[in-house]
Each structure stands twice: as C-alpha cells, then as structure tokens.
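Numbering (our numbering), first residue to last: 1 to 66.
This report concerns only the one structure given below.
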C-alpha cells in the first residue's frame with residue numbers, strides 16, 4: 001500500500017470514529033438491537049419466571065380470601 005492509500009485509510013477510520021461518537025437526535029425512534037448472550041437470556045428468563053410465580057401466588061391468595 002502506498003503512502004497516499006495509507007493516508008486515505010487513516011482518514012476514513014477517523015471519520016468513522018467521529019461518526020460513531022455522534023448521538024442521534026432521537027435515539028428512541030429506532031433502537032439498536034444488541035446481542036444478548038446466553039447468560040443474559042437465562043437471567044432474564046429466571047427473573048420473568050420469578051415475577052410470574054409471584055403474580056400467580058398473590059392472585060391465588062386473593063381468590064382464597066374471597
């Protein structure tokens with residue numbers, strides 16, 4: 001790679017880095033989907049299951065009281 005190509009490559013890298021730092025004006029309009037690892041998915045599933053169990057437990061105790 002000659003010197004001119006190297007400079008162009010560096011400039012492009014810097015421009016991309018600058019663009020990545022820019023925060024979009026309305027980030028909530030189009031959320032970026034990120035990768036969720038297996039461990040994170042398991043944690044989410046466990047917390048959801050616990051919440052559902054707690055919700056059904058409270059609803060069962062309410063119906064038993066009536």
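No residue lacks a Cβ here, since even glycine has one placed at the ideal position from N, Cα and C.
The C-alpha of residue 1 lies about 29 Å from the C-alpha of residue 21. Residue 34 carries a coil assignment under DSSP once its states are collapsed to helix, strand and coil. Residue 46 and residue 39 have their C-alpha atoms spaced approximately 11 Å apart. Under the three-state reduction of DSSP, residue 25 is assigned to coil, being neither helix nor strand.
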